[in-house]
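J.:
Numbering (our numbering), first residue to last: 20 to 187.
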């Protein structure tokens, strides 16, 4: 049985750019393809019960690179043709003509869920990145039922449950 991916839309193109550029040691490759009849940029950032978790944002205009940086103290996200400005970070955009069946959303509802782990304090959340040689996990924040959650997605092994360690 194929493991179909879960697609999660981020709030804005800026949020997506931050995810692929600023939250990683080196920027990740972004993929441009069609999803639900619209052009989107996407990136796989996680696995949930051996299924890819793909974050995406709809885009109307696109170019060769997604550019992230600051201008006058404010974050900016741009589509650009080249990587000439060394003060910026760039995610190359790979244009996909058609997705293979294994990367298309499941025709059925995906019932896999992250298991919540409620943490006691912010220090405990920060300690989750202790001892890793790679860049620490990106923090995710999202509203749910009138409350904001801040946390990280964790997989302790590829076959087991996936967790969201969070503060409420």
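Ideal Cβ positions, reconstructed from N, Cα and C, are used throughout, including at glycine.
Remember, predicted model here, so these are calculated numbers, not experimental data.
Since residue 161 sits in a beta bridge, which residues does DSSP pair it with?
T.: In DSSP, residue 161 forms a bridge with 168.
J.: By Cβ distance below 8 Å, which residues in the same chain neighbour residue 109 in space, the five residues on each side in sequence not counted?
T.: 40, 46, 84, 85, 86, 87, 99, 102.
J.: List the endpoints of the continuous alpha helix (DSSP H) containing residue 36.
T.: Note, residue 36: alpha helix (DSSP H), 32-36.
J.: Is the beta carbon of residue 59 closer than 8 Å to that of residue 78?
T.: Contact flag set, yes.
J.: Report the three-state DSSP secondary structure of residue 69 (helix, strand or coil).
T.: The answer is coil: DSSP assigns residue 69 none of H, G, I, E or B.
J.: From what residue to what residue does the beta strand (DSSP E) around residue 88 run?
T.: Start and end: 84-90.
J.: When we look at the beta-carbon of residue 91 and count the other beta-carbons within 10 Å, is it buried (16 or more) or exposed?
T.: Looking at its Cβ environment, which holds fewer than 16 other Cβ atoms inside 10 Å, residue 91 is exposed.
J.: Going by DSSP, name the residue or residues bridged to residue 50.
T.: DSSP, once it has assigned bridges, lists 61, 113 as partnering residue 50.
J.: For residue 35, is the classification buried or exposed, using 16 other Cβ atoms within 10 angstroms of its Cβ as the cut-off for buried?
T.: That one is buried.
J.: Could you pull the start and end residues of the beta strand (DSSP E) that residue 96 belongs to?
T.: 93-99 is the extent of the beta strand (DSSP E) around residue 96.
J.: Please return the same chain residues whose Cβ sits closer than 8 Å to the Cβ of residue 31, not counting the five positions on each side in sequence.
T.: Closer than 8 Å at the Cβ level, and outside the excluded window around residue 31, lie 76.
J.: Given a cut-off of 8 Å on the beta-carbon distance, is the pair residue 73 and residue 121 in contact?
T.: In this structure, residue 121 does not lie closer than 8 Å to residue 73 by Cβ.
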